Amino acid sequence: MIIKEIKIKNFRSYYGDNNFFKFSDGLTLILGENGDGKTTFFEALQWLFNTTIDKGNIESVSEMRKSKLEIGEHDEVSVYMSFEHDGIKSVEKSFTFERTGEYTYKVGPLIFRGYETNGSERVQVNGKYLIDRCYDAFIQRFSLFKGESELNVFNDRTALKQLVDKFSDIRKFDELVEFTKAFEEKSNAAYLKEMRSDDRVSREAKILENRIMDVSQKITENRRDIREIESSIEVFSMKLEELEANQETSERYKEIEARRKTQEEKRNKFKALISSVDYNHSLLDKQWILCAFPDILKEFKDKCSALSKEKRKLERDFDKKQAEELGKLKAVEEIQNTLVNGTAGLPWYLPNQETLEEMLSDRICKVCGRPIEEDSDAYNFMVAKLEDYKRHVAMKLKNETEAQQIQEQILFPNSHIEDLHNLSISLSGSNQSFVSGIAQEIVDRRELVDRYRSELKTVEDKLQDIQDEKARLLIQAGNVSEAVLEKDFNDIRGLFKQKGKAEVRLAELKAELASKEATLKSLKDELDALDPNSSQVRVMRDVHRVLDEISKAFGHAKEENLRRFLSEMEEKANEYLETLSATDFHGRIRLVQTANESTEIKLFSSNGTEISKPSGSQKTVMYISILFAISDFTQEKRDEDYPLIFDAATSSFGDVKEDYFYNVINSIKKQCIIVTKDFITKGKVRLSDVERLNCPVYRIKKADGFDANNLATIRTTVDKIKE
Amino acid sequence: MENIYELWAKRNPEFEKRYQDTVLSVFSDYGKGVSQYNDIRGKIFGAGYEVYIIAFFIGLYYNQTKPLVEDTAKRKVLGQPIMYWGNIEERAGRKAYGKIREYIFAALVARTDIDWIALDKEEITAQSVVKTLIDKMEEYANFGFDFILDKLEQDPNYFFKESAFLNVFTSFLVNENNEDDSDEPDDLD
Numbered sequence: 010m011i012i013k014e015i016k017i018k019n020f021r022s023y024y025g026d027n028n029f030f031k032f033s034d035g036l037t038l039i040l041g042e043n044g045d046g047k048t049t050f051f052e053a054l055q056w057l058f059n060t061t062i063d064k065g066n067i068e069s070v071s072e073m074r075k076s077k078l079e080i081g082e083h084d085e086v087s088v089y090m091s092f093e094h095d096g097i098k099s100v101e102k103s104f105t106f107e108r109t110g111e112y113t114y115k116v117g118p119l120i121f122r123g124y125e126t127n128g129s130e131r132v133q134v135n136g137k138y139l140i141d142r143c144y145d146a147f148i149q150r151f152s153l154f155k156g157e158s159e160l161n162v163f164n165d166r167t168a169l170k171q172l173v174d175k176f177s178d179i180r181k182f183d184e185l186v187e188f189t190k191a192f193e194e195k196s197n198a199a200y201l202k203e204m205r206s207d208d209r210v211s212r213e214a215k216i217l218e219n220r221i222m223d224v225s226q227k228i229t230e231n232r233r234d235i236r237e238i239e240s241s242i243e244v245f246s247m248k249l250e251e252l253e254a255n256q257e258t259s260e261r262y263k264e265i266e267a268r269r270k271t272q273e274e275k276r277n278k279f280k281a282l283i284s285s286v287d288y289n290h291s292l293l294d295k296q297w298i299l300c301a302f303p304d305i306l307k308e309f310k311d312k313c314s315a316l317s318k319e320k321r322k323l324e325r326d327f328d329k330k331q332a333e334e335l336g337k338l339k340a341v342e343e344i345q346n347t348l349v350n351g352t353a354g355l356p357w358y359l360p361n362q363e364t365l366e367e368m369l370s371d372r373i374c375k376v377c378g379r380p381i382e383e384d385s386d387a388y389n390f391m392v393a394k395l396e397d398y399k400r401h402v403a404m405k406l407k408n409e410t411e412a413q414q415i416q417e418q419i420l421f422p423n424s425h426i427e428d429l430h431n432l433s434i435s436l437s438g439s440n441q442s443f444v445s446g447i448a449q450e451i452v453d454r455r456e457l458v459d460r461y462r463s464e465l466k467t468v469e470d471k472l473q474d475i476q477d478e479k480a481r482l483l484i485q486a487g488n489v490s491e492a493v494l495e496k497d498f499n500d501i502r503g504l505f506k507q508k509g510k511a512e513v514r515l516a517e518l519k520a521e522l523a524s525k526e527a528t529l530k531s532l533k534d535e536l537d538a539l540d541p542n543s544s545q546v547r548v549m550r551d552v553h554r555v556l557d558e559i560s561k562a563f564g565h566a567k568e569e570n571l572r573r574f575l576s577e578m579e580e581k582a583n584e585y586l587e588t589l590s591a592t593d594f595h596g597r598i599r600l601v602q603t604a605n606e607s608t609e610i611k612l613f614s615s616n617g618t619e620i621s622k623p624s625g626s627q628k629t630v631m632y633i634s635i636l637f638a639i640s641d642f643t644q645e646k647r648d649e650d651y652p653l654i655f656d657a658a659t660s661s662f663g664d665v666k667e668d669y670f671y672n673v674i675n676s677i678k679k680q681c682i683i684v685t686k687d688f689i690t691k692g693k694v695r696l697s698d699v700e701r702l703n704c705p706v707y708r709i710k711k712a713d714g715f716d717a718n719n720l721a722t723i724r725t726t727v728d729k730i731k732e
Numbered sequence: 002m003e004n005i006y007e008l009w010a011k012r013n014p015e016f017e018k019r020y021q022d023t024v025l026s027v028f029s030d031y032g033k034g035v036s037q038y039n040d041i042r043g044k045i046f047g048a049g050y051e052v053y054i055i056a057f058f059i060g061l062y063y064n065q066t067k068p069l070v071e072d073t074a075k076r077k078v079l080g081q082p083i084m085y086w087g088n089i090e091e092r093a094g095r096k097a098y099g100k101i102r103e104y105i106f107a108a109l110v111a112r113t114d115i116d117w118i119a120l121d122k123e124e125i126t127a128q129s130v131v132k133t134l135i136d137k138m139e140e141y142a143n144f145g146f147d148f149i150l151d152k153l154e155q156d157p158n159y160f161f162k163e164s165a166f167l168n169v170f171t172s173f174l175v176n177e178n179n180e181d182d183s184d185e186p187d188d189l190d
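Written out as structure tokens, the structure is:
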């Protein structure tokens, strides 16, 4: 079967009926990123090929189409494929859907139609039968692969048996082997019967026959035990192999995790240290904003001390002036009291006012005792003396008032300058040295942070290395989850013990078997050595001998045939491996038979060492080589070709290798449809790399303008970007 | 006689309204009333006066003033009297810094031509002195707001680099350092 065209209509993200793919006989690439509709393309094919479903499912319908339908309107979901298989044929699977309410839809019956050309006439046939005939489920199994993990078709142990049954002639041998075996048994029975009736040897023959039967039965039991033990040893070995691989990985994983934790703690410590000081808050809380303040503080202090000085000087000057004015008042007083003849008179207050007034009233000097005539000199002197006294008292009163007034004068009623000065003093000393130290504090802190930063950088680099190492480890470990690696593999010892015991038992059983077989042989020889009387017995014996040999030969041929089939397939797979790997190291594939007729794929280096952990791309190439080989067999044995369709979820190739790889696949001339996210970097197709390809390339993509939360806005667009 | 410092601290400085949305609310919870969510919402500062202090010191260190618009309708009082500035709760790594008020006051005294002798002689009133101090403060801060807005208009993220504000202030130290340092500009990292 060669797929020619595929049309997808309203199937999930493939909105409308404009989604059309045309395929070449060789490789066709479909490029898309996660969410672009790669898997949906693949699932549309699976849906088409699945002949077991007979109902349409509303979940297959494009959400966008559904949302655009008015109530009562209907449309159709369909996947159509035309292909070549003994002439051009096509199949189309479809169903209708109708919107019946706001959230309700009705799904119509599933229609599966096929068309084939009969001569020049196009005939409609049942699609189901056409698919079963041209592309049955068995072929699909070796043809459709979703994700790279599915590439290993031999993960399922029955796969090889089925493959062999389909494609080799071993099945025919099975019948022959059974047939000859039956002949051998029959002839043996006839021969033994004749022996028993022979008069000469019947007694010995009977004894021998019983012993042979006994030993044969034991041998059968022995063989069964051996098979059981062998298969359990195989299970142990497989488990151990997995565990050991994981154990090693697990130990490394744990070691990496421990290092990662240490570095992460360090990183967190440095981050905490760096962020422990918030530069913005420190401007205020630590008053770093004062870093440039020392000059202004000095200005303030200078101003305060100048003001204080000026104020004190003004106060001193004022006090001095006051003292001078008081002095002047005193001086006025001194001038009084000089008599006419120049002698100093009595002080003005002697005698006092009362005495003088009494003497003037009594007209007598009460000091000398002489009377005083009115208007006499003495009288006038005394009057003048009284007036002087009065004047003096008045002047004294006035002077005292004046002095009091002078003394009461204040220059500065307020003390704001003193307040300022006090503030200035309080901002000196430790406060001042704090302010002058801020600039240095900032420099120190920044240097410290720089140091932390450079150490943080080192730690982060280390952490990145460790993360990379971890990622590499997980890639190498394949599909092993981190959770599994976290687990301890203590049971590994237990498994070793069980396996050891089983091996000892196996050796014992094998020894027993060998001795029993020897016994059986000698018994048979003994039986053969009997010389029967009857010639009939001898004929029977010879017939049995011949049939026995024939039966053995067929049994052997059956094994040989299987071996040859595998070796041919191995040979073909290795040819593809070599072609696909080009100059890369590729090793050699071996298909190794295990018990229970199953097979494992192993990769060996040319020096005979098994490559137990091939890289992702090695594995992919290895599996694809085997799939190509299998495909070759179908072509040879059934004279029909079929496509290989991969939905490669992850890319296993580096940018360098991918275009080469795809060109080689294209040149193999085997139809391949690969859906991949190769050739896309940051949402853009690397057109220059695509140009180097020789095959048609489609680009599928979510149409722009979608709402990430609304499924009804998503639709896939299909563009052919290379013919 | 009431202390000038106390009279000044009771005041509530004004700023030009246009800086409310363009500067104050950008860096603080100004106008939101509560400052407890600033960490959650990623504001650099808490109360509005914190931005005011930053703006003031920028004007102070540049020694540049910018008179506020005459139209009082275009002005607004900050809402938090100076006496409460820096009295923040000590939590979420923050620390009270009330002492800053004295330094602001000292700077205003240093940078204004007030006749303190006349004040002590009662030839001028305490109110007029406080007004001079507040005016100077508002003009310094006004210059600072203008400076910040200018930077924000050039690069809206300018001050959201961790050390951008600190760099503004340490840039005033460059002249001193130049004596022994080379001519290399300061690393703005």
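Protein chains in written order, with this note's numbering: chain A, 10 to 732; chain B, 2 to 190. Ideal placement from N, C-alpha and C gives every residue a C-beta, glycine not left out. Here the structure is a predicted model, which is why all the values come from computation and not from measurement.
If I follow the unbroken beta strand (DSSP E) through A/Gly41, where does it start and stop? No beta strand (DSSP E) holds A/Gly41; DSSP gives it neither H nor E.
Do A/Asn28 and A/Val727 have their C-beta atoms within less than 7 Å of each other? yes
A/Leu406: buried (16+ other C-beta within 10 angstroms of its C-beta) or exposed? exposed
Is the Cβ of A/Lys763 closer than 7 Å to any Cβ of chain B? Only positions 10 to 732 of chain A appear in this structure, which leaves residue 763 of chain A out of reach.
For the beta strand (DSSP E) that A/Gln602 lies in, which residues bound it at each end? 597-602
From the DSSP output, read off the bridge partner residues of A/Met2. Outside the displayed range of chain A (10 to 732) lies residue 2 of chain A, so it cannot be described from this structure.
If I measure Cβ to Cβ from A/Ile238 and keep anything under 6 Å in the same chain, skipping five residues before and after, which residues do I get? Ala511, Arg514, Leu515
If you follow the alpha helix (DSSP H) that A/Tyr13 is in, where does it begin and where does it stop? Residue 13 of chain A is actually Lys in this sequence, not Tyr. Counting along the chain, A/Lys13 falls outside any alpha helix (DSSP H), though it belongs to the beta strand (DSSP E) covering 11-18.
Spatially closest choice to A/Phe133 from A/Gly617, A/Ser196, A/Ser99, A/Leu696, by CA coordinates: The sequence as given places Gln at residue 133 of chain A; Phe does not occur at that position. Per the Cα distances, A/Ser99.
Would you check if the stretch 95-109 of chain A and the stretch 123-131 of chain A touch, i.e. whether three or more CB-CB distances between them fall below 8 Å? yes
If you draw a straight line from the C-alpha of A/Thr364 to the C-alpha of A/Gln418, how long is it? 39 Å
Taking the runs of the beta strand (DSSP E) that are 3 residues or longer, which of them lie wholly in the stretch 54-129 of chain A? 83-93, 97-108, 114-116, 120-127
Which residue marks the beginning of the alpha helix (DSSP H) containing A/Thr685, and which one marks its end? It is not in any alpha helix (DSSP H) - A/Thr685 instead sits in the beta strand (DSSP E) that spans 681-685.
Can a CB atom of chain B be found closer than 7 Å to the CB of A/Phe279? no
On the three-state DSSP scale, how would you describe B/Phe166? helix
Which partner residues of A/Asp428 appear in the DSSP bridge assignment? DSSP output for A/Asp428 lists no bridge partner at all.
N-terminal and C-terminal residue of the alpha helix (DSSP H) that A/Glu619 is part of: From DSSP, A/Glu619 is part of no alpha helix (DSSP H); its letter is neither H nor E.
Under the three-state reduction of DSSP, which class applies to A/Thr352: helix, strand or coil? coil
Taking the DSSP output, what are the residues bridged to A/Thr725? A/Lys711
Would you mind reading off the limits of the alpha helix (DSSP H) that contains B/Ile105? 101-112
Determine, using beta-carbon pairs with one atom in the stretch 310-321 of chain A and one in the stretch 421-431 of chain A, whether at least three such pairs fall under 8 Å. yes
Classify A/Asn675 as buried or exposed, calling it buried when 16 or more other Cβ atoms lie within 10 Å of its own Cβ. buried
Could you work out which residue in A/Phe92, A/Asp63, A/Glu85 is closest to A/Thr105 when comparing CA atoms only? A/Glu85
Going along the stretch 414-442 of chain A in order, which residues come within less than 7 Å of chain B, judged by CB to CB distance? Leu420, Phe421, Pro422, Asn423, Ser424, His425, Ile426, Asp428, Leu429, Leu432, Leu436
Specify the secondary structure class of A/Asp656 as computed by DSSP and reduced to three states. strand
Identify the continuous alpha helix (DSSP H) that holds A/Leu153 and give its terminal residues. No alpha helix (DSSP H) contains A/Leu153, which is instead part of the beta strand (DSSP E) from 153-155.
Beta-carbon spacing of A/Leu153, A/Ile654 below 7 Å: yes
Residue from A/Glu194, A/Gln331, A/Lys479, A/Ser439 whose Cα sits closest to the Cα of A/Gln414: A/Gln331
Check this for me: beta carbons of A/Phe563 and A/Val244, under 7 Å apart or not? no
Nearest-angstrom Cα distance between B/Glu15 and B/Ala107? 19 Å
Should A/Lys711 be counted as a contact of the ligand SAM given a C-beta to heavy atom distance under 6 Å? This structure does not include the ligand SAM; it has no bound ligands of any sort.
Which full runs of the alpha helix (DSSP H) of 4+ residues lie inside the stretch 168-234 of chain A, going along the chain? 179-206
What is the DSSP secondary structure of A/Gln133, reduced to helix, strand or coil? strand
Run of the beta strand (DSSP E) containing B/Lys24, from where it starts to where it stops: A quick correction: the sequence has Val, not Lys, at residue 24 of chain B. B/Val24 -> no beta strand (DSSP E), and no H or E assigned at all.
Whole-angstrom distance between A/Tyr651 and A/Tyr144, CA atom to CA atom: 8 Å
Proximal residues, the stretch 311-323 of chain A versus chain B, C-beta separation under 9 Å: Asp311, Lys312, Cys313, Leu316, Glu319, Lys320, Leu323
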